[in-house]
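Numbering of the sequence shown is given in UniProt numbering, commencing with residue 1 and proceeding in unit increments. In this text, a Cβ means the ideal position worked out from N, Cα and C, and glycines have one as well. For reference, the structure is listed below as structure tokens.
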Amino acid sequence: MAAAAGEERRKTACVTGGNGYIASLLIKMLLEKGYVVKTTVRHPEDKEANSHLEDLKKLGTLEVFRADLAEEGSYDAAVAGCDYAFLLAAPVNYTSKNPEKELIELGVQGTLNVLRSCVKAGTVKRVVLTSSTAAVSSRPLEGDGHVLDEESFSDVEYLSAKRTGLWAYPVSKVLMEKASSRFAAEHGMSLVTLCPSVTVGEALDRQVYTTVPAILSLLSGDEAELKVLKGIERASGSVPLVHVRDVCRAEICAAEAEAVAGRYICNGLDTTILETARFLAAKYPHYSVNTVTRTSPATSSRSRSRCCRRGSWRRRGSSSSSGRWSTSTTTWWSTARPWESCPTDESVRCGAPSVCAWVGRRSINYHQYPQNKSVCVFFVTPPPPPPPPRKFERSSCVPLLQDVRLRT
Numbered sequence: 001m002a003a004a005a006g007e008e009r010r011k012t013a014c015v016t017g018g019n020g021y022i023a024s025l026l027i028k029m030l031l032e033k034g035y036v037v038k039t040t041v042r043h044p045e046d047k048e049a050n051s052h053l054e055d056l057k058k059l060g061t062l063e064v065f066r067a068d069l070a071e072e073g074s075y076d077a078a079v080a081g082c083d084y085a086f087l088l089a090a091p092v093n094y095t096s097k098n099p100e101k102e103l104i105e106l107g108v109q110g111t112l113n114v115l116r117s118c119v120k121a122g123t124v125k126r127v128v129l130t131s132s133t134a135a136v137s138s139r140p141l142e143g144d145g146h147v148l149d150e151e152s153f154s155d156v157e158y159l160s161a162k163r164t165g166l167w168a169y170p171v172s173k174v175l176m177e178k179a180s181s182r183f184a185a186e187h188g189m190s191l192v193t194l195c196p197s198v199t200v201g202e203a204l205d206r207q208v209y210t211t212v213p214a215i216l217s218l219l220s221g222d223e224a225e226l227k228v229l230k231g232i233e234r235a236s237g238s239v240p241l242v243h244v245r246d247v248c249r250a251e252i253c254a255a256e257a258e259a260v261a262g263r264y265i266c267n268g269l270d271t272t273i274l275e276t277a278r279f280l281a282a283k284y285p286h287y288s289v290n291t292v293t294r295t296s297p298a299t300s301s302r303s304r305s306r307c308c309r310r311g312s313w314r315r316r317g318s319s320s321s322s323g324r325w326s327t328s329t330t331t332w333w334s335t336a337r338p339w340e341s342c343p344t345d346e347s348v349r350c351g352a353p354s355v356c357a358w359v360g361r362r363s364i365n366y367h368q369y370p371q372n373k374s375v376c377v378f379f380v381t382p383p384p385p386p387p388p389p390r391k392f393e394r395s396s397c398v399p400l401l402q403d404v405r406l407r408t
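See below:
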């Protein structure tokens with residue numbers, strides 16, 4: 001029986017796109033939990049690009065496989081024998097001359113290729129698909145107070161007609177999600193989708209091509225990345241942030257907790273470029289951060305909430321849609337244990353059972369809403385103590401946010 005219990009603890013997980021920003025930390029956290037991890041990269045022979053994976057092998061059993069989204073069957077070996085599959089691999093060529101083929105088609109068909117490998121394996125209990133809030137919020141503003149929640153999708157027709165900015169990215173995410181949902185339904189697959197917002201936090205790999213450089217543009221002065229950040233604020237009326245560790249905890253909870261189902265929005269807080277610049281200027285005074293002029297107007301009339309619920313459009317602790325989040329109203333459950341039912345704050349109580357995963361000083365609460373058969377997620381992050389003064393060289397820009405918890 002002891003041997004059987006030991007085998008039960010040694011679950012196997014496949015994480016695609018192992019040299020990605022979120023995937024790298026997810027691998028680390030899975031290894032720390034005792035998982036056997038199998039991950040995929042396109043070029044395993046590139047020692048420099050995959051050096052962080054070699055370091056992670058010191059934490060436990062980690063196998064690296066070659067796989068390519070464009071090649072059907074290339075994920076078979078990596079997925080074989082796995083209990084869970086975390087799908088994070090995605091095309092990142094945002095400046096492609098042919099976005100329809102290199103971003104949209106590859107994103108959709110590549111994800112389906114991985115799902116086919118999961119069906120072939122016959123052992124995968126659940127697939128966790130990582131999308132983006134870009135698949136939720138990219139739509140024209142109509143001024144009607146519409147609340148974006150886990151059932152909202154970006155307007156593909158509107159984006160395809162406008163073709164402005166990074167239009168192909170949200171389109172690819174929407175089409176990928178819908179194609180994956182159809183495939184899962186046809187094959188009886190347990191699929192959970194996570195839509196994280198702008199993800200910040202520590203980066204295990206110094207070559208980060210996602211949202212971290214956009215935030216760090218306020219320190220580095222990278223105009224191209226700052227333009228991306230301005231575009232995010234212009235499109236959504238704020239800069240929605242979530243910490244990468246919270247995203248990874250949500251990934252693991254989405255795989256392990258049987259009560260979890262459907263689609264999730266993962267967002268920690270809403271801020272602005274100006275507020276973020278002021279925060280970074282105070283934390284890193286030796287960088288020249290512009291905190292005087294607003295870099296981009298907040299044009300959206302929509303409100304973002306940590307837990308979006310039909311009929312409830314106010315932030316917890318806020319008296320109006322324009323109010324800022326008040327940490328003084330946050331409730332902590334210091335006695336909660338992993339996967340136990342726990343109380344919810346009155347302003348987001350839905351009368352349905354909830355599952356609380358308490359991890360250290362941070363909790364993740366999932367609520368199942370029977371009235372629309374959807375799932376919502378919010379994160380509660382206690383303010384950390386002020387960090388001691390630190391000095392950074394400009395060459396160390398990537399890991400600068402490893403201890404940042406942006407808050408208003």
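Contact annotation: the segment 140–158 does not touch the segment 81–89, with fewer than three C-beta pairs closer than 8 Å. Fewer than three beta-carbon pairs drawn from the segment 152–160 and the segment 217–227 are found closer than 8 Å, and the two stretches are therefore not classed as touching.
Ranked by Cα distance from Thr123, the options Cys253, Val64, Glu256 and Thr12 are led by Thr12.
Put simply, the backbone Cα of Ala168 is about 40 Å away from that of Arg10. In the structure shown, the three-state DSSP call for Phe86 is strand. Within the same chain, Cβ atoms closer than 8 Å to the Cβ of Asp76 are found at Ser117, Lys120 and Ala121, the five residues on either side in sequence being excluded. For the 8 Å CB-CB criterion, Leu112 and Phe183 form a contact. Under the DSSP assignment, His243 falls in the beta strand (DSSP E) whose first and last residues are Val239 to His243.
Taken in chain order, the complete beta strand (DSSP E) segments of 3 residues or longer contained in the segment 133–212 are 191–196 and 198–200. With contacts defined as CB atoms closer than 8 Å, Leu129 and Ser180 qualify as a contacting pair.
Put simply, of Leu30, Val260, Val289 and Ser24 the residue whose alpha carbon is nearest the alpha carbon of Ser190 is Val260. Note on the segment 36–79: whole alpha helix (DSSP H) runs with a minimum of 4 residues are 51–56 and 76–79, in chain order. Counting the other Cβ atoms within 10 Å of the Cβ of Arg263 gives 16 or more, which makes it buried. Of the other Cβ atoms in all chains shown, 16 or more fall within 10 Å of the Cβ of His243; this residue is therefore buried. In the structure shown, Arg10 falls within a coil segment according to DSSP collapsed to helix, strand and coil.
Taking C-beta atoms as the reference points, Met29 and Cys248 count as a pair closer than 8 Å.
Taking 8 Å as the cut-off, the Cβ atoms of Lys173 and Ser131 count as close. Beta bridge pairing from DSSP links Thr271 with Val239. Exposed is the label assigned to Ala224, since fewer than 16 other Cβ atoms lie within 10 Å of its Cβ. The Cβ-Cβ distance between Leu194 and Glu251 falls below 8 Å.
Looking at the DSSP output, Arg126 bridges to Tyr84.
In the three-state reduction of the DSSP assignment, Gly262 falls in the strand class, which pools E and B.
When rounded, the separation of the alpha-carbon atoms in Ile22 and Ala89 is 10 Å.
Each residue's CA atom was taken as its position, placing Glu48 and Val114 some 26 Å apart. CA-CA distance, Pro213 to Lys33, rounds to 29 Å. Counting C-beta atoms within 10 angstroms of its own C-beta, Gly188 has fewer than 16 neighbours from the protein chains shown and is therefore classed as exposed.
In the structure shown, Val289 falls within a coil segment according to DSSP collapsed to helix, strand and coil.
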